[in-house]
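Quick note: the sequence shown uses this note's numbering, first residue 41, plus one each step.
Every residue, glycine too, gets a C-beta built ideally from N, C-alpha and C.
Bear in mind the structure is a predicted one, so any value in this text is a computation, not a measurement.
Below is one structure, written out as C-alpha cells, with a few remarks after it.
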Amino acid sequence: MTSGRVALARVIALLGIGLLVAGCSAVVTGRALPRPRWAPRSVSGQTVRQVLLGDSSLSRILNQELVIDPRFPPRFGGAETLQRDALTSSADCVGVPLMLQQSVYRGGAVKDVAFETWRHVAKSSEVTSVKEGVVSMPSAADANALFERFSQQWQKCDRAVQPLPDNVVRLNATISNVQNAAAVLAATISIVLATPRSDWEAIPAGRAIGVRDNCLIEVEVDFFNPPKRSSRQPDEINSAAVNVARNIMDRVHELS
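Pasting the structure below:
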C-alpha cells in the first residue's frame, strides 16, 4: 500500500471513530461526556381533552357500540372539575368505587381534568356504561407520587365495604380483586343494598387507575346485572377497565 493510501486509511479510521463518539456523546477538551437526558414528556391544557378515547376506540375495545351519555355532558377544566367529596360515614376507600373525587386528589397539584361518560346502545350489551377521566399534573414525578399513594390505599381497601353517598336507596360498594401491575391499578366493585334483600343481586363494575408521563387515568366499566354470562370471572371485569386505561395511556404518550 502506498504512503498516500496509508494516510487516507488512517484519516477514514479516525473519522469513523469520531462519528461513533459524536453519535452517543459530546466531546469537550478531549473527553467524551454523556448526552443530556431528554426533557420529561407531559400533556397539558386543551391537549388533555384529546387523550380521551372516542366512540370507535371504545366500541372496538369492549366489542359493543357505545355513545356519549346525554345525562352527563363531557367536562373539562382545572381541579374544580373533580367530583365533590362524597358524603359518607367513612371515606377511607371512597376513591376505589368512585372516580375523580376531590378528597382523593387533595394535596396534589392538579392542572387539568377531562371526563366523559358513555352508555350502551343495544339492549343485549354486556356493558351498560363506561366512564373515562384524565388528570394532568405538573410533572411525571408528581403523577407517580400520587399513583404510589393510590396503590397503597387500594391495597388496604381490598375486601373492604365502602358506603356510597346517600341516595333514595342506601348502597354499599364491596371492593375485591385489587391488582397492581405495570403502572395500572385495578379492582372489582360490587354494588349492593346496605340492607340486603333477596330480590337484589350485586351490580358488578371494573375500576382502573393508570399513570403515564404526567397524567393519571381513571376508568370505570359498569356491567348489566344479571350478567349475560354467569361464568364471568372477576379478572374479566378488571380486564375490561384495564384495557380501556392502557389505551388511554398510549394516547397520553402519543400526544406528549
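Within the region 170 to 215, the alpha helix (DSSP H) runs of at least 4 residues that lie entirely inside it are, in chain order, 180 to 197.
Per DSSP, the unbroken alpha helix (DSSP H) holding R100 starts and ends at 95 to 102. Judged by DSSP in its simplified three-state form, L225 adopts strand.
Contact check between the region 155 to 168 and the region 180 to 192: fewer than three CB pairs, one atom from each, fall below 8 Å, which does not count as touching. If you check the CB distance, G250 and I243 do not come in under 8 Å.
When DSSP states are grouped into helix, strand and coil, T235 belongs to the coil group.
The three-state secondary structure of A154, taken from DSSP, is strand. Where R89 is concerned, the enclosing alpha helix (DSSP H) starts and stops at 87 to 91. The alpha-carbon of E105 is positioned some 31 Å away from that of A119. Under the DSSP definition of a beta bridge, V251 partners with L256.
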